[in-house]
Amino acid sequence: MESKETEFKGGYLNGFLMCLIDLLLLAGTVWAFYMCVSQASVGYGLLCVFLFIVTIFFCCGFCMQEPNEAKVLTFFGKYVGTFRKNGFYWVNPLMSKKSVSLRARNLNAEPIKVNDKNGNPILIGLVVVWRLKDTYKAIFDIDTDVSNTASIGGAVSARMNKFQNFVAVQSDSALRQVAGMYAYDNNDGKTQEVTLRDGSEEINDVLQTKLNERLAMAGLEVTEARINYLAYAPEIAAVMLRRQQAEAIISAREKIVEGAVGMVKMALEKLGDEDVVELDEEKKAAMVSNLLVVLCADEPAQPVINSGTLNH
Numbered sequence: 017m018e019s020k021e022t023e024f025k026g027g028y029l030n031g032f033l034m035c036l037i038d039l040l041l042l043a044g045t046v047w048a049f050y051m052c053v054s055q056a057s058v059g060y061g062l063l064c065v066f067l068f069i070v071t072i073f074f075c076c077g078f079c080m081q082e083p084n085e086a087k088v089l090t091f092f093g094k095y096v097g098t099f100r101k102n103g104f105y106w107v108n109p110l111m112s113k114k115s116v117s118l119r120a121r122n123l124n125a126e127p128i129k130v131n132d133k134n135g136n137p138i139l140i141g142l143v144v145v146w147r148l149k150d151t152y153k154a155i156f157d158i159d160t161d162v163s164n165t166a167s168i169g170g171a172v173s174a175r176m177n178k179f180q181n182f183v184a185v186q187s188d189s190a191l192r193q194v195a196g197m198y199a200y201d202n203n204d205g206k207t208q209e210v211t212l213r214d215g216s217e218e219i220n221d222v223l224q225t226k227l228n229e230r231l232a233m234a235g236l237e238v239t240e241a242r243i244n245y246l247a248y249a250p251e252i253a254a255v256m257l258r259r260q261q262a263e264a265i266i267s268a269r270e271k272i273v274e275g276a277v278g279m280v281k282m283a284l285e286k287l288g289d290e291d292v293v294e295l296d297e298e299k300k301a302a303m304v305s306n307l308l309v310v311l312c313a314d315e316p317a318q319p320v321i322n323s324g325t326l327n328h
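The sequence shown begins at 17 in the numbering used here and counts up by one.
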């Protein structure tokens, strides 16, 4: 959807210049009041009232804006642009000004329980860095009414809190969607499928894309989104831990057996090449069995004295 945000190009003046003009008007008001009292003149009285009203009117137009702040201006309900200039300015007091912050903000969402692609319950949390990008959508396309807030600073804070709540709700929805697209981990190890546990960069990119799609309607932009907490739900955590331990033991056993077979092969070849001893097939089988037991056993081997000979 094309953005309707435009830069405000209407009338505005330097705030310090308008302060000087306002002081001159105030001086004129005091002079007119003095002349009205001293000469009992109705004309000077009307001039005093007029100058006083103009002075008050001009005082209502002053505004000060810091970097990464903006004001959305409306003139009797019609959007006339977004004022982004930093400094001290005077803007038409008849225009309504809604201040917003363009600074980046963090959302550290509490872990939520969801089901992954395989239906396993998991706990997953995320961190989102977001900022306001389109002031028109942010003000007019979602509810940000803070009319009950008296101060300007309080209104800005309340409005940004509404944006924060909007981001929190949409982040929860996007996180549930992304978590359901991937498995927690690769259980069988036979596929190269991306999982939540080992595909952090890709998962984070998908999560950021999904969030930006949801927040575009509100004129908000996610600059970074990443998963900061991932674990099995308590009801299956113990079972999954035992499964992971079993997988680790099996993997270690495979390495041990692979190494033991290589060492036995090397021993037999070494004995044959150097004519240390001549073994028949039965003795080789016995030697292989004994070596594998020694190399693959969890406990240290117990020495056994062979009082016989290899010929019997």
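Don't be surprised by glycine CBs; every beta carbon is placed ideally from N, CA and C. Fair warning: this is a prediction, and the values are worked out from it, not measured in the lab.
- Straight-line spacing of the CA atoms in S173 and R269 works out to 60 angstroms.
- Each residue's CA atom was taken as its position, placing F66 and A184 some 51 angstroms apart.
- Within the region 191-240, the complete alpha helix (DSSP H) segments of 4 residues or longer fall at 216-231, listed in chain order.
- Under DSSP, the beta-bridge partners assigned to W106 are L29, F78.
- Looking at the DSSP output, P83 sits in no beta bridge, so it has no partner there.
- Where F99 is concerned, there is no enclosing alpha helix (DSSP H), although the beta strand (DSSP E) around it starts and stops at 94-99.
- In the structure shown, S57 adopts coil according to DSSP, grouped into three states.
- In the three-state DSSP reduction, S117 falls in the strand class (E or B).
- Taking all protein chains shown into account, C76 has fewer than 16 neighbouring C-beta atoms within 10 Å of its C-beta and is therefore exposed.
- Selection Y245, A249, F78 evaluated against V143 yields Y245 as nearest (Cα-Cα).
- Sixteen is the threshold: since fewer than 16 other Cβ atoms of the shown chains lie within 10 Å of the Cβ of L33, the residue is exposed.
- Inclusion of A234 and F182 in the CB contact set at 8 angstroms is warranted, their separation being smaller than that value.
- Straight-line measurement puts the Cα of K133 at about 28 angstroms from the Cα of W146.
- In this structure D201 is in contact with T211, their Cβ atoms being roughly 5 angstroms apart against a cut-off of 8 angstroms.
- For L89, the closest of K226, G215, K114, Q180 by C-alpha to C-alpha distance is K114.
- Scanning its chain for C-beta atoms nearer than 8 angstroms, with the 5 sequence neighbours on each side dropped, one finds around D159 the residues K178, in chain order.
- Taking C-beta separations shorter than 7 angstroms and ignoring five residues to either side along the sequence, the partners of D38 in its chain run T71, F74, C75, following chain order.
- Distance from the Cα of S216 is smallest, within the candidate group S19, I140, A56, for I140.
- Taking 8 angstroms as the cut-off, the beta carbon of R119 is found no closer than this to the beta carbon of E23.
- Between the beta-carbon of L148 and that of V116 there is about 6 angstroms, and that keeps the pair under the 8 angstroms contact cut.
- Within 10 angstroms of the beta-carbon of V46 lie fewer than 16 other beta-carbons, which makes it exposed.
- By the C-beta density criterion, M111 is buried, having at least 16 other C-beta atoms within 10 angstroms.
- The same chain holds no residue with a CB closer than 6 angstroms to that of F156 once the five nearest residues on each side in sequence are set aside.
- With respect to the C-alpha of F68, the residue from M80, L41, Y60 having the closest C-alpha is L41.
- Spanning the alpha carbons of G278 and A247 requires a straight line of approximately 39 angstroms.
- Rounded to the nearest whole angstrom, the C-alpha separation of E82 and N30 is 15 angstroms.
- The shortest CA-to-CA distance from L123 to any of I243, F91, A43, A199 is the one to I243.
- By the criterion of a C-beta distance shorter than 6 angstroms, F91 is surrounded in its chain by M111, once the five residues flanking it on both sides are discounted.
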